[in-house]
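This report refers to the structure that appears directly beneath it.
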Amino acid sequence: MECAFLGALRMPFLKYEDRLRWVRLRAAERTAGLIAAAGGACRVCLRRDCAFEFHHRDPKMKCFCIARNVGSLSMARLLVEVEKCDLVCAVCHQELHRVASVNAGTYIEPLDAEEISDAFASLSNRWRS
Ligand SMILES: [Zn+2]
Ligand SMILES: [Zn+2]
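Going by my numbering, the final residue of the sequence shown carries number 133, and the count climbs one at a time with no gaps.
Next up, the structure:
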């Protein structure tokens, strides 16, 4: 997963702006790698060309937010966390949490294949009408 070029370099720049740029570039590259590892498509609406977020299936298993740690933790640790998540687009993610909070304040259970297709059908119906 680690880029052969960027991964081998450790803070090679002296100038603050250059370091910042490098950290951002590495974070973007890692994010792309994690998204690809998670299937590259929203599990609800199946879109591929959108902003993605990692939704923890079981919040009790959550150790950290992937987006907030993608620049600092190792790819190995990030991938362990990604395993606990469903890749969803930003819109479906908001919707999942809205539905979850409506359901008596309880968090949603992991989606099985049928629930995913149900969620997909109801969301896409709503957005088409
Ligand atoms: Zn989606
Ligand atoms: Zn979530």
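C-beta: ideal position from N, C-alpha, C; glycine also.
Task: Enclosing beta strand (DSSP E) for Asp-90 [first to last residue] - done: 89-93
TODO: Using alpha carbons as the reference points, say which of Leu-50, Ala-36, Val-27 and Trp-26 lies closest to Asp-122.
DONE: Leu-50
Task: By C-beta, the residues closer than 6 Å to any heavy atom of ligand 1, given in chain order - done: Cys-46, Val-48, Cys-49, Arg-51, Val-92, Cys-93, Val-95 and Cys-96
Task: Delimiting residues of the alpha helix (DSSP H) encompassing Met-79 - done: 79-86
TODO: State the start and end residues of the unbroken beta strand (DSSP E) segment that holds Phe-58.
DONE: Counting along the chain, the unbroken beta strand (DSSP E) around Phe-58 starts and ends at 56-60.
Open item on the list: Quick check on Cys-67: buried or exposed, where buried means 16 or more other Cβ atoms within 10 Å of its Cβ?
Closed with: exposed
TODO: Count the C-beta pairs between the region 28-36 and the region 57-65 that are closer than 8 Å, then say yes if the count reaches three, no if not.
DONE: The region 28-36 vs the region 57-65: no contact.
Task: Helix, strand or coil at Arg-72 according to DSSP, with G and I counted as helix - done: helix
TODO: Kindly indicate the opening and closing residues of the alpha helix (DSSP H) around Val-48.
DONE: Looking at the DSSP string, Val-48 is not in any alpha helix (DSSP H), and its letter there is neither H nor E.
Task: Limits of the unbroken alpha helix (DSSP H) element including Gly-37 - done: 20-41
Open item on the list: For a test of the three-state rule: what should DSSP assign to Cys-96, helix, strand or coil?
Closed with: Residue state, collapsed to three classes: helix.
Open item on the list: With a threshold of 8 Å, are at least 3 pairs of Cβ atoms found where one atom belongs to the region 89-102 and the other to the region 29-48?
Closed with: yes
Task: Neighbourhood of Ser-78 by C-beta, 6 Å cutoff - its chain only, sequence neighbours within 5 removed - done: none
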